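J.: I'd like to ask some things about the structure below.
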Amino acid sequence: MNRKKEEASRDKSSTEKMETLVHLIVSQDHTIRQQIQRIKELDNEIERYESKVHFDRMKIHGVNYVQDTYLLDQGLDTDSSAHPDASFAQFEEYAARCDQVIQLQEELAEREALMEILTGEIQEELNHRWMRRRQEQLSNKDAESTAEQTALKVTSVPEEPVPLVPDLLTDNELQLEEERIKTQLDTSLYIGLRLNTDLETVKSDLDVSQELLDTKEKELRELLEKVHSLDELQGIQADDSKDEGETEQLPSVDKDHVWVEQARGLSKTCT
1 MNRKKEEASR DKSSTEKMET LVHLIVSQDH TIRQQIQRIK ELDNEIERYE SKVHFDRMKI
61 HGVNYVQDTY LLDQGLDTDS SAHPDASFAQ FEEYAARCDQ VIQLQEELAE REALMEILTG
121 EIQEELNHRW MRRRQEQLSN KDAESTAEQT ALKVTSVPEE PVPLVPDLLT DNELQLEEER
181 IKTQLDTSLY IGLRLNTDLE TVKSDLDVSQ ELLDTKEKEL RELLEKVHSL DELQGIQADD
241 SKDEGETEQL PSVDKDHVWV EQARGLSKTC T
């Protein structure tokens, strides 16, 4: 009875601790979301402020005030002397907004780190509760087996006393070893499933990459075929132009030969 009360009190305290951690995580998540929303609002305000400053300077100094500021020192001196207080106030406001953004980012990083710590504590608490549940199941099995053996011993009185403690210890060790092996098998199965999922993901990525590679290779082959066909076409055109040039030169050669023969005939008649 005392053991059951202790187990019940431990379970109750563990449950209360888990509930406290869950509530703390929920509140931290809500706070982090508020901080993120506040950062977004501050970013929008900073952008609006920068746009307002930009348009005000455009109205005062013209559209090309940035170029004038960097190229003309005289314009910079005139601007600072004309509106020193306004520029200083705007700069202070901008610096204050930047400080607020930095503080919010630091708080957000702290909240995220705290959430990671709480998540680790919850996981550890779940593991402890699972181990206690396993031990309770094993102890209940041991108690039942001990009660059964005691009942058998009472009903059937043996002639010689049989030592039960070593057998019980052996059974306990076997049960613990069996539970340990089951736990290892469950863990190995989970890891195997995760690895299988990762392998399928990698395989699908490889298939997509292979398809893209095949497509690129096909496009490259088509481009090479087009290049070869263009080279062949240019070669054929060059050969055709060469043949046409040769055919154009042949009549002129024949014509020159005819004129030579006629000249020879005239010389013979004169002699």
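The sequence shown runs 1 to 271 under the numbering used here. From the three backbone atoms N, C-alpha and C, an ideal C-beta is built for every residue, glycine too. Fair warning: this is a prediction, and the values are worked out from it, not measured in the lab.
Nearest-angstrom Cα distance between L223 and L193?
T.: 45 Å
J.: Just to confirm my understanding: we take L114, look at its own chain, exclude 5 residues before and 5 after, and list those with CB closer than 8 Å. What are they?
T.: The residues are Q28.
J.: Hey, would you say L42 sits closer than 8 Å to R111, going by beta carbons?
T.: no
J.: Any beta-carbon of chain B closer than 8 Å to the one on K203?
T.: The displayed structure is made up of one protein chain only, and chain B is not part of it.
J.: Looking only at its own chain, which residues have a Cβ that is under 6 Å from the Cβ of M131, when we skip the five neighbours before and after it?
T.: No residues qualify anywhere along the chain.
J.: Using CA coordinates, which residue listed in E136, L118, Q100 and H128 is at the minimum distance from V22?
T.: Minimum Cα distance to V22 is reached at L118.
J.: Counting pairs of beta carbons, one from the stretch 172-184 and one from the stretch 130-145, are three or more of them closer than 8 Å?
T.: yes
J.: Leaving out the 5 sequence neighbours to the left and right, which residues in its chain are closer than 6 Å to L108 when beta-carbon positions are compared?
T.: Q35
J.: Got a sec? Which residues, its chain only, sit under 8 Å from V101 by beta carbon, not counting five neighbours each side?
T.: By the criterion of a C-beta distance shorter than 8 Å, V101 is surrounded in its chain by I39, L42, D43 and I46, once the five residues flanking it on both sides are discounted.
J.: Please report the straight-line C-alpha distance between E125 and M18, rounded to a whole angstrom.
T.: 8 Å
J.: Indicate whether R129 and E179 have their beta-carbon atoms separated by less than 8 Å.
T.: no
J.: Can you tell me which of the three DSSP states L76 falls into?
T.: Below a pLDDT of 50, predicted positions are generally treated as unreliable, and L76, at 47, falls in that range; the measurement from the model is reported next regardless. DSSP places L76 in helix when its eight states are reduced to three.
J.: Nearest-angstrom Cα distance between F91 and H54?
T.: 13 Å
J.: Alpha carbons only, please: which of K52, S13 and E116 is nearest the one belonging to L24?
T.: E116
J.: How many angstroms separate the CA atom of V157 from the CA atom of T150?
T.: Reliability of the predicted coordinates at V157 is poor, the pLDDT of 47 falling under 50, and the value obtained from them is presented with this limitation in mind. Spanning the two alpha carbons is a distance of roughly 11 Å.
J.: With a threshold of 8 Å on Cβ separation, who are the neighbours of E272 within its own chain once the five nearest residues in sequence on each side are excluded?
T.: Outside the displayed range of the chain (1 to 271) lies residue 272, so it cannot be described from this structure.
J.: Taking 8 Å as the limit between beta carbons, can you name the residues of its chain near Q234, skipping five residues before and five after?
T.: none
J.: Could you tell me the distance, in whole angstroms, from the CA atom of K182 to the CA atom of E106?
T.: 45 Å
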